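Beneath this line is the structure, given in structure tokens, with notes to follow.
As structure tokens, then:
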């Protein structure tokens, strides 16, 4: 035993444990020390390395004490070696219990520095319940400016039924979205980012970034909407005299000036003290609730005593009564009839004999109740809508009116439509009043039990607000006169808000409540939008947003706030609440659409991780919500919908091509896998038709000793042949075992991927480890691909150094690969001089691609030049087809038939028929055959078995160790028993010349007996190779590429060593050659 280890027995008794602790210096005892028998001293002294990489891959959420891991006890000794990578369940649960999710939203985290200078974040334990944490924030975000400023106008314009349809559609849309959101939010913890986080983690970074930015823009424009609402209340109802410009066309300029000032003020408040905004949130919510309660109280009061607000009608036209008190043309003062303040509005002077407008003279003035009350029956008149173009006078249809032909267009005394009204416009204006359902999910980190609070709180808030909106629609239509409802700004009721004259006890309750509500909502938008942008920027999926991820030392997003203020100013410059509302409707609808899509995709895919605690969801509800969102987008404004989709699409493509790669286990990846599986199964069910055949390549690459790709041009040629279409599998084989060369295989794959990216080869790569190259190639040919996406052709480089190799493995591997591709009915492409092939940046300006069509093996020879000509490298090369005619063939007819065949194949090529007459076998052919057979014999002699090599080495060793003199005597007169032959090309040539020195005087006829021993089959094959090579070299010596039929290897394996010689002779003298062997099926057809 080594002296530097002490074995301590571990027992259950307290004394034993104490003694063990003393022996180790009061340090916990590791199992490795207790049960280890002996450890190498070098290893024991070596410091622990790789801790950083292990820390990233550990399953703990908050890993601490990462220095050393000890395990005290012997109950789990079986797993002691895996403790670092697979922690004990008790340890994991302990870490999970101590996990604290940082609070999000707008809460500031106080930070302090300890004595080491390391900044720590002090986080309080979240204690919010459903009511405070979800229900009230959602209520505050949903109820807002549209309720107080536009709902009465929508009811008057669309009628009770139309308004009910608008409110129902929007509320159902948000309810379905809330159901989908609840399912996603309860499927795990939702950190900062709220809806952005849910969508990005469910649908991937592309969708998440696109929709997240759309949601950010929606939130920013919501800030513009609330600020415009604030200014409208201020200038219209609170301080009408504060306008900088005259009323009328200059009113938008007032909105722009005051809106910009208000935006700057709110931005300063957000920048300086966000916590004060949060503390005032409850005050703002109280204003909203108080205003709604005042409205309901006013409705109840109409049953007892309707308000004393009167409106003045001239004929059936509604008049603005802000400039007069008495609804009459004249009045009697001290028994004298005088004109009222109304008279100058229609006459050229205040005297009774003045010239007045004809309509004023012909019609009487009538004063009616603005709010008849619930029991008045006015609900019948308000059931249907009253739409009209801009400038349409607001008239009471049941009131009598004398028709008069107007000569002037002055409509200033009357109440009229300021914009053209139609149903879809009202949908776009109303929809922002139902947004804000994400407020609860955005605060998930602040909740005591987020997975319970978010669904209950959000759905209850939507049901409550939906009830408020629907009841308000009905009550407004049942209490208020129709012409008053259509008066958007309350000009007919002394410039009071229409909902204000209904409220009890005073309209100022609504004015002040809505003013502070809009202020609070604007501040909340300016607070939430920068944090959403910061969450997107910190994810790193959009590179140009990186700067907005930074902020102040306490985490406040300063740069994001500046961008938000800039975008918000764009909305304020529009200066119309009715024009801004549809814009933010688009962005919110797109966000809700993708929330529904995320839930539907996850549900349909049934991914194992999809286990939401909220069970009341179904993919049909999500799909219905998604369809409703899409419909509402185009109902609101089809051109805004298209613009929003284009913006989201551009962001999507930008993230896809330029963004950082993220893998979040999103549903779109699962959807792709399901689609791929379905497509693969379908492909395998039906046999591929000839018209759809294209080369699906298995590229056999070689890696050198440094694991670099030996022939990169092989991948260039693959790209040129495929042009990015079809399947490409790039493979290589390493010799060894996977346990020892697993890292080499991964390195080789990375190198292959790098070269594929450089050569723009789209496909897959794989490196396998096998005991020998032969088995590796065989496995790849048999098993590469999956289902219907399997390769049908193999591309490889010609083994150029097979002659110089000491062993015959290169030759045998190549020939067996040819045999296996033939047996598997796969095509084979062999490129000679592959390193001389053009790369993807070259452009061959002229030249020919020559096809030597010797035998028909499916038409692959015809198809390959066409595919190559589609690539820009070979585009300017022309195709030539040569075929060989024998003595019995009619070469003229063959040429005509071939031209007609190419015409039907829609291929443009020159045709030439080469006649090869039967000729005597030349002496050159015999000499070539003789050299080939002699070389084969010598190679056979070189194939010594391993045992013979060892025996020979032992014999040489014995001779060298004998006495020096005896060795010299034996060496002078004896020859060794066996000659150790190490053949090289030079030795082979010199040996052949030495044997022929005595035959130099013989002539050709004296060598005849030597030829007679040659195999006639080999002679005929060599004759064919020589004659074909002569014809090819003569016709195609200047071509850019030569495609040749590749003859198959002999069925008798005894002739394998000669097969390579035949192919070398066939390709001799040619620069770029592609040997092609068909897979035994037709790959080209004349039919459409």
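Numbering (my numbering), first residue to last: 524 to 1611. Backbone N, C-alpha and C fix where the C-beta goes; we use that ideal spot for every residue, glycine too. Small disclaimer: the values here were computed from a predicted structure and weren't measured.
Query                                                                                                                                                                                  : Result
Per the DSSP calculation, residue 1289 is bridged to which residue(s)?                                                                                                                 : 1254
Beta-carbon within less than 8 Å of residue 1251's beta-carbon, same chain only, minus the 5 sequence neighbours each way: which residues are those?                                   : 1219, 1220, 1222, 1241, 1245, 1284, 1285, 1286 and 1287
Leaving aside the five residues before and after residue 1191 along the sequence, list all residues of the same chain whose C-beta is less than 6 Å from its C-beta, in chain order.   : 726 and 727
Return the chain-ordered ranges of every alpha helix (DSSP H) run that is complete within the region 782–865 and spans a minimum of 4 residues.                                        : 797–827
In whole angstroms, what is the alpha-carbon distance linking residue 1155 and residue 950?                                                                                            : 8 Å
Residue 1296 and residue 1319: beta carbons closer than 9 Å?                                                                                                                           : no
Using CA atoms only, rank isn't needed, just tell me which of 837, 1201, 941 and 812 is closest to residue 664.                                                                        : 812
Exposed or buried, which one is residue 859 when buried takes at least 16 other CB atoms within 10 Å?                                                                                  : exposed
Going by beta carbon distance, what residues of the same chain come within less than 7 Å of residue 1024, once the five residues before and after it are set aside?                    : 830, 832, 893, 894, 1016 and 1030
Which of the three DSSP states, helix, strand or coil, is assigned to residue 1568?                                                                                                    : strand
Relative to the C-alpha of residue 923, which residue among 887, 909, 934 and 946 is closest?                                                                                          : 887
Quick check: does the Cβ of residue 1146 come within less than 8 Å of any heavy atom belonging to the ligand GTP?                                                                      : No copy of the ligand GTP occurs in the structure displayed, which carries no ligand at all.
Going by DSSP in three states, residue 1065 sits in which element: helix, strand or coil?                                                                                              : coil
Given this structure, state the Cα-to-Cα distance separating residue 1271 from residue 1076, to the nearest angstrom.                                                                  : 45 Å
Check this for me: beta carbons of residue 1354 and residue 1112, under 9 Å apart or not?                                                                                              : no
Would you check if there are 3 or more beta carbon pairs closer than 8 Å linking the region 1335–1345 to the region 1256–1270?                                                         : no
Leaving aside the five residues before and after residue 1070 along the sequence, list all residues of the same chain whose C-beta is less than 7 Å from its C-beta, in chain order.   : 1082
Given a cut-off of 9 Å, decide if residue 1042 and residue 741 are closer than it, judged by their beta-carbon atoms.                                                                  : no
Counting only runs of 3+ residues fully inside the region 877–964, write out the beta strand (DSSP E) ranges in chain order.                                                           : 888–892
Between which residues of its own chain and residue 1310 is the CB-CB distance below 8 Å, once the five residues before and five after are set aside?                                  : 1203, 1204, 1206 and 1207
Can you round the beta-carbon distance between residue 982 and residue 705 to whole angstroms, since I take them to be within the 8 Å contact cut?                                     : 7 Å
Given a cut-off of 9 Å, decide if residue 960 and residue 681 are closer than it, judged by their beta-carbon atoms.                                                                   : no
Rounded to the nearest angstrom, what separates residue 1135 and residue 1064 at their Cα positions?                                                                                   : 27 Å
How about the region 1033–1041 and the region 766–780: do they share at least three Cβ pairs that are nearer than 8 Å?                                                                 : no
Could you tell me the alpha carbon to alpha carbon distance between residue 1326 and residue 1233, rounded to whole angstroms?                                                         : 19 Å
Going by DSSP in three states, residue 665 sits in which element: helix, strand or coil?                                                                                               : helix
Run through the region 1261–1324 for me and flag every whole beta strand (DSSP E) of 3 or more residues, listed as ranges in chain order.                                              : 1287–1293 and 1316–1320
Tell whether a beta-carbon distance below 9 Å holds between residue 1434 and residue 1418.                                                                                             : yes
Compare the Cα-Cα distances from residue 875 to each of 883, 881 and 866 and report the closest residue.                                                                               : 866
Return the CA-CA distance between residue 902 and residue 910, expressed in angstroms with no decimal places.                                                                          : 18 Å
Give me the residue from 1127, 973 and 957 with the minimum Cα distance to residue 985.                                                                                                : 957
Compare the Cα-Cα distances from residue 1559 to each of 1568, 1404 and 1100 and report the closest residue.                                                                           : 1404
Can you check whether the CB of residue 962 is closer than 9 Å to the CB of residue 661?                                                                                               : yes
What span of residues does the beta strand (DSSP E) with residue 1402 cover, start to end?                                                                                             : 1401–1408
Label residue 1346 either buried or exposed according to how many other C-beta atoms from any shown protein chain fall within 10 Å of its C-beta, with 16 as the threshold for buried. : exposed
Between residue 1589 and residue 1551, which are expected to be in contact by the criterion C-beta below 8 Å, what is the C-beta distance as a whole number of angstroms?              : 6 Å
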